[in-house]
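Reading through the structure tokens given below for one structure.
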Amino acid sequence: AVTSEGGGVAGLKRTHLGIPEAVFVEDVDAFMKKPGNETADMVLKRLDEQYQKYKFMMLEYDIDEAQSLLENLSTATRNLESTEEDLDFLRDQFTTTEVNMARVYNWD
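My numbering runs 201 ahead of the 1-based position in the sequence shown.
Here is the structure:
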């Protein structure tokens, strides 16, 4: 990860469509010892600024890409509904079979 000259909180790489990738902080003690991370308040302020930038990031698509994406969403939604119905049916079959097994087991 590339650290910023502001002390390493940014620690961002630009990888996906120019959107900076946030680096996960595994070792907080080591992270806080980096230059520019003198106080938790400073670090939290920079992390909050980074968070706010992600929060308001907008993705842009041309009209053809957007239409294709919406068509894919519609198809995926129909497939999901069908899959959920199949899953409900299978759950009912499991329950019925388990009850039948218990009844036969307890029959003798």
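Note that the Cβ used here is the ideal one computed from N, Cα and C, for glycine as well. None of the values given here were measured: they were computed from a predicted structure.
Counting only the Cα atoms, residue 299 lies some 12 Å from residue 307.
Judged by DSSP in its simplified three-state form, residue 261 adopts coil rather than helix or strand.
Distance from the Cα of residue 257 is smallest, within the candidate group 293, 265, 233 and 220, for 220.
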